[in-house]
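In case it helps, the numbering used here puts the sequence shown at residues 35 to 159. Below is one structure, written out as structure tokens, with a few remarks after it.
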Amino acid sequence: MGLVTLLVPDYDDAIAFYVDVLGFALVEDTDLGDRKRWVVAGPPSGRGTRLLLARADGDAQQTRIGDQTGGHVALFLTTADFDADHARMLDAGVAFTEEPRHEPYGTVVVFADPYGNRWDLIQPS
């Protein structure tokens, strides 16, 4: 899988969070006209799934911002250094919904993006 759409209320606010706070690379930001843009952010390594940050258009899409999965964790951010990334994200004001925990599959903690989407920060075992 190469690209996943994530509905956001504003392109620039989304870029500020995903690039400046989470450390993703801004891969593309192309003006499509009519106030639409093609905004893609992804892992700085250039490998892995990227996010298409799509500005919600209309009431139906607006109501789905932050809850595209019905409250389940939507996305999984894998790390090779859980402690460092967790500390950096805490310092940046990321909203964690629990304390880190150790599971058979790795060290994990749930956080929410500014829109309410739930993420796992996980370092696999």
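Even for Gly, the Cβ is constructed at its ideal location relative to N, Cα and C. For clarity, every value in this text was computed on a predicted model and none was experimentally measured.
Check                                                                                                                       : Outcome
Where Ala146 falls: helix, strand or coil (DSSP)                                                                            : strand
Whole-angstrom distance between Tyr45 and Asp65, CA atom to CA atom                                                         : 11 Å
Contact set for Arg84: own chain, Cβ-Cβ below 8 Å, skip 5 residues either direction                                         : Gly36, Leu37, Val38, Val61, Val74, Ala75, Gly76, Pro77
Beta-carbon contacts of Phe58 that lie in its chain and below 8 Å, excluding the five residues immediately before and after : Tyr52, Ala75, Gly76, Pro77, Pro78, Leu85
Beta-carbon contacts of Leu87 that lie in its chain and below 8 Å, excluding the five residues immediately before and after : Leu40, Val42, Tyr45, Ala48, Ile49, Tyr52, Val73, Val74, Ala75
Bounding residues of the alpha helix (DSSP H) (the contiguous stretch that carries Leu124)                                  : 116-125
Residue span of the alpha helix (DSSP H) that contains Ile49, given as start and end                                        : 45-49
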